[in-house]
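This is the structure we're talking about:
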């Protein structure tokens, strides 16, 4: 797919971050886009940006409220795409929606763990089930699934990431299995697996809101207790030395630093993804840190799970805005 002009794409998680940038850049290249999110206000902002960027009068950008973890909502979303784009096919499906949370299988609330897994893996499954017939109906199609470096390295720098990593491993395995499945059963459709490193988005801040968490200044005693261990990692001091106000500050800092101190912007990441799709690459590593972590994992997978791994420190020297 050398050009996106005249094509139709579906983008999940299109309200912010990489999803928003994919919508805008696709529209700028003459591609019609249907974008979904659970944040209607954010989607409206995306639509406005895409309309300004759109190349040509035939570009149609539509927005749809959809929780990708809910199969019924995904089915409704698909039907809306068919109706509003007046088409029986799509060319591109970007399974981009994702949230963080459920870090610990032992201590995180079960509902948070399962919600994270349901969005990050269930959303990919539900949307692929719903939209695959439309991809197959096209003359050429591409299924683009966003995993993560946590899809081949199931950890975080000093913090557990069990729900997110389990989901992203599932996305990676599913996508690699689809290489053969599509080759045998729908050779005009291919799959691309996207594995970003640290990209500057609001996923940390937005995920807290999606899980129903309070803003840092309004955190309850229970929320402070749950956040204390993670805040200690961010602050770099033992948890029992942190006051409640220091925990609030660390939580606030974590979200802002992840967004603002990333080595790659969401717009730059979207460009890398679209360039990879155009080039026919099935495995798209996004960012120097993703490439470095991939190489380190291949060289010595045992090393990267050591708590004091120098290889890991070299990949993530400034995560959360401080030296590791």
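Residue numbers (my numbering): 4 to 327. In this text, a Cβ means the ideal position worked out from N, Cα and C, and glycines have one as well.
Within the same chain, 203 and 205 come within 6 Å of residue 262 by CB-CB distance, once the 5 residues on both sides are set aside. For residue 251, no pairing in a beta bridge is given by DSSP. Distance from the Cα of residue 225 is smallest, within the candidate group 126, 96, 213 and 250, for 250. Annotated three-state conformation of residue 240 is coil, per DSSP. If the five residues before and after residue 32 are omitted, its C-beta is found closer than 7 Å to the C-beta atoms of 7, 8 and 58, all from its own chain and listed in chain order.
Contact check for residue 129 against residue 71 passes: the beta carbons are separated by less than 9 Å. In the three-state DSSP reduction, residue 190 falls in the coil class, being neither helix nor strand. Under the three-pair Cβ rule at 8 Å, the segment 131-143 counts as touching the segment 86-101. Pairwise C-beta distances place the segment 113-132 in contact with the segment 168-179, as three or more of them are shorter than 8 Å.
The alpha carbon of residue 292 has as its nearest neighbour, out of 240, 218, 153 and 222, the alpha carbon of 153. When C-beta atoms of the segment 268-278 are compared with those of the segment 18-26, three or more pairs fall below 8 Å, so the two segments count as touching. Within the same chain, and ignoring the five residues on either side of residue 247 in sequence, the residues whose Cβ sits closer than 7 Å to its Cβ are 227.
Residue pairing by DSSP puts residue 149 in a beta bridge opposite 197. Listed in chain order, the non-local C-beta contacts of residue 297 below 8 Å within the same chain comprise 152, 155, 198 and 288, local neighbours out to five positions each way being set aside.
Non-local beta-carbon contacts of residue 115 in its own chain, meaning distances under 8 Å to residues more than five positions away in sequence, involve 104, 105, 166 and 214 in chain order. Judged by beta-carbon spacing, residue 193 lies within the 9 Å limit of residue 283, meaning their Cβ atoms are closer than that value.
Between the beta-carbon of residue 37 and that of residue 68 there is about 12 Å, and that puts the pair past the 8 Å contact cut. DSSP places residue 93 in the coil class of the three-state scheme, outside both helix and strand. Residue 16 counts as buried, since at least 16 other C-beta atoms from the protein chains shown sit within 10 angstroms of its C-beta.
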